[in-house]
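Report on the structure given below.
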Amino acid sequence: MAEPAFSQHEGGAVPAPPEAGVVPFSATHLPAVAGMFAQTFRGGAGRSAETLRRTIAQLFLERDAAYADIPSLVHVNADGRVDGFLGVHVAAFECAGQPVRVAFCGSLMAASPDTDPFVGAKLLRRFLAGPQDISASESANAVSQGLWTRLRGAVLPDYSLEWIRVLRPAGFGIALAGHARPALRHMAPLARPFDALAGRIGAFHAPQPGPCTDEEGDSATIGALLERFSADAVLRPEWSAVDLCRRLADARHKARYGPMQARIVRRGKAAIGLFVYHAHPDGIAHVLDIAAAPGQLPAVIDHLFAHAHARGLVGLRGRTRPDLLEALLTRRCHFSHRAATVVTSRDPALMDRIRSGRLVINGLAGENWMPLIGHDFA
Amino acid sequence: MADTIETALRSFITENFLFGDDSRTIAGTDSLIQNELMDSTGILELVAYLEDHFGISVADEDIVPDNLDSIDRITAYVAR
Chain A
0 MAEPAFSQHE GGAVPAPPEA GVVPFSATHL PAVAGMFAQT FRGGAGRSAE
50 TLRRTIAQLF LERDAAYADI PSLVHVNADG RVDGFLGVHV AAFECAGQPV
100 RVAFCGSLMA ASPDTDPFVG AKLLRRFLAG PQDISASESA NAVSQGLWTR
150 LRGAVLPDYS LEWIRVLRPA GFGIALAGHA RPALRHMAPL ARPFDALAGR
200 IGAFHAPQPG PCTDEEGDSA TIGALLERFS ADAVLRPEWS AVDLCRRLAD
250 ARHKARYGPM QARIVRRGKA AIGLFVYHAH PDGIAHVLDI AAAPGQLPAV
300 IDHLFAHAHA RGLVGLRGRT RPDLLEALLT RRCHFSHRAA TVVTSRDPAL
350 MDRIRSGRLV INGLAGENWM PLIGHDFA
Chain B
0 MADTIETALR SFITENFLFG DDSRTIAGTD SLIQNELMDS TGILELVAYL
50 EDHFGISVAD EDIVPDNLDS IDRITAYVAR
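Quick mapping for you: the protein sequence lines, in order, are chains A and B. Residues in the first sequence are numbered from 0 upward in steps of one, following numbering that gives the first Met the number 0. Residues in the second sequence are numbered from 0 upward in steps of one, following numbering that gives the first Met the number 0.
In structure tokens, the structure reads:
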């Protein structure tokens with residue numbers, strides 16, 4: 000039930016239209032939210048695409064009834080027009096063995112953030128006042144990162160860097176340029192002679208796969224491995240409650256990044272790790288997730304690099320976390336900042352536990368698997 | 000009462016939105032948004048300040064330009 004909203008005028012509080020202010024997202028808001036998403040994040044493309052509406056509805060409306068008290072939110076202005084949205088994905092997690100509800104906040108957007116900065120501020124404030132145990136985001140841009148920190152959220156620097164590994168430098172440059180001008184991707188074959196030459200130089204030697212092999216991973220195996228590999232984490236999803244089959248199916252919809260590879264890495268018969276990435280031919284792999292058994296992360300990363308190189312890819316990029324950061328530092332990676340992972344809880348004891356150990360809140364555990372990140376809706 | 004509130008507000012705005020530059024004059028009716036003194040982050044900063052400093056509770060529905068977009072409006076809102 001939305002609380003009534005009021006606008007303060009000289010004569011006192013005047014009731015605004017019944018639905019004005021911050022209210023729970025409902026099906027009636029869907030066309031406006033889809034249009035705003037297309038305008039904000041896709042330059043207007045796909046604003047009336049049924050697939051976009053369907054995706055937003057699946058992610059933010061068709062949810063587990065247990066999370067009905069933590070809805071996605073819209074802001075409705077005094078004219079009754081939707082001018083802000085905050086998508087909320089709630090999931091069951093374990094924090095030091097205790098069940099907790101983690102609410103991820105993504106797709107925070109306002110129709111006119113420069114002229115009406117009140118919208119984003121109100122949406123985020125309402126979200127953070129919700130009944131979830133932990134609030135988080137792994138896609139906070141500079142503006143929303145500022146909002147989070149003002150509301151006592153903690154930025155996790157070790158989880159907020161993007162790592163980049165260049166495999167083929169000339170092709171990598173063309174692929175990067177192709178993000179801005181897709182026609183440039185047709186120049187990829189021209190890079191191959193230069194990259195063949197660069198491959199003879201130490202820094203760009205073909206990565207060696209080591210003693211490992213890999214195979215296509217099904218959702219059941221991946222789910223079991225994610226559970227096993229995250230056993231020592233202080234905060235991790237309740238993997239048994241995650242419909243990983245559906246999540247992996249959703250994760251495949253990233254047309255901007257390319258087809259998905261979900262591979263199990265084995266040493267002999269033993270599964271020691273897994274990785275999931277998206278890449279176009281001759282493109283840059285967007286690594287969604289890497290997981291490994293204790294002590295096996297370096298071998299899994301080496302195998303990932305070799306796998307990408309063998310497929311003709313020109314580089315890889317992904318999100319850091321503390322254990323990855325340590326392994327990547329010695330593997331000719333570059334680091335930059337694009338989006339921050341932020342987390343907060345009203346419970347100081349919970350925040351202390353969160354700060355005390357490894358967190359599994361990115362990739363398949365977080366929100367970057369969603370088609371809203373990396374997909375084109377037509 | 001209103002003078003005390005306004006003085007405190009001006010001090011807060013100078014310190015946080017003007018980064019200590021007290022040479023810039025802000026009229027009581029100047030829009031903090033249109034004059035690019037306050038963005039969405041600044042709004043939350045301001046709300047936190049009002050709650051902490053004046054001991055009031057700012058409801059979501061009160062976070063609107065009519066209450067918070069100028070020194071005069073904020074003063075009137077706090078004094079209510």
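No residue lacks a Cβ here, since even glycine has one placed at the ideal position from N, Cα and C. All of these numbers come straight from a predicted model, not from anything done at the bench.
Nearest-angstrom Cα separation, counted from residue j out to residue i
i	j	result
A/M369	A/P210	33 Å
A/G311	A/F171	11 Å
A/G365	A/L160	15 Å
A/E226	B/T13	51 Å
A/A305	A/D351	39 Å
A/H333	A/A269	31 Å
A/A26	A/D68	16 Å
A/S355	A/F103	20 Å
A/S138	A/H178	19 Å
A/W162	B/T28	48 Å
A/H336	A/H28	33 Å
A/H252	B/A47	40 Å
Residue from the options with nearest C-alpha to residue i
i	options	result
A/D249	A/R100, A/G170, A/G362	A/G362
A/T340	A/Q207, A/P112, A/T148	A/T148
A/D281	A/L247, A/L175, A/H374, A/A290	A/L175
A/P30	A/E18, A/T54, A/G20, A/V21	A/T54
B/L17	B/D51, B/L67, B/L36	B/L36
A/V154	A/N367, A/I353, A/L371	A/I353
B/I62	A/S111, A/P98, A/D115, A/A90	A/D115
A/L146	A/V359, A/V342, A/L349	A/V342
A/E214	A/V299, A/V87, A/G42, A/G20	A/V299
A/H308	A/T329, A/A205, A/L224, A/I360	A/A205
A/E18	A/H74, A/L51, A/G34, A/Q38	A/H74
A/M259	A/V233, A/A240, A/V286, A/R266	A/V286
A/L127	B/F11, B/L43, B/N66, B/A75	B/L43
B/I55	B/P64, B/T6, B/R79	B/R79
is_contact[residue i, chain B] using C-beta, thresh 8 Å
i	result
A/V21	yes
A/Q7	Because the pLDDT of A/Q7 is 37, which lies under 50, any placement of that residue in the model is unreliable, and the number read from its coordinates should be weighed accordingly. True, the Cβ-Cβ gap to chain B drops below 8 Å.
A/R330	no
A/F126	no
A/P116	yes
A/R293	Here residue 293 of chain A turns out to be Pro, not Arg, going by the sequence shown. Not closer than 8 Å to any Cβ of chain B, the Cβ of A/P293 fails to qualify, so no.
A/P112	yes
A/V142	yes
A/A338	no
A/A102	no
A/L60	no
A/R354	no
Buried versus exposed, by CB contacts within 10 Å (16 or more), residue i
i	result
B/E60	buried
A/A338	buried
A/E9	Note on A/E9: pLDDT 38, under 50, position unreliable in the model; no value is reported.
B/S39	buried
A/I200	exposed
A/G105	buried
B/T74	buried
A/F40	exposed
B/D2	exposed
Min CB distance residue i to chain A below 8 Å
i	result
B/I62	yes
B/A80	A question about residue 80 of chain B goes unanswered here, because the residues of chain B that appear run from 0 up to 79.
B/S30	no
B/S39	yes
B/E14	no
B/L49	no
B/D71	no
B/L43	yes
B/D59	yes
Nearest-angstrom Cβ-Cβ length linking residue i and residue j, presumed shorter than 8 Å
i	j	result
A/R255	A/D375	6 Å
A/L123	A/L85	7 Å
B/S124	B/D68	Nothing can be reported for residue 124 of chain B, as the shown portion of chain B is limited to 0 through 79.
A/P156	A/D194	In fact, because the Cβ distance is near 33 Å, the residues do not count as touching under 8 Å.
A/R320	A/F92	That belief does not hold up - the Cβ atoms of A/R320 and A/F92 are roughly 16 Å apart, past 8 Å.
A/A377	A/G45	6 Å
A/I360	A/A135	6 Å
A/G272	A/A292	6 Å
A/L72	A/P23	6 Å
A/L224	A/A290	7 Å
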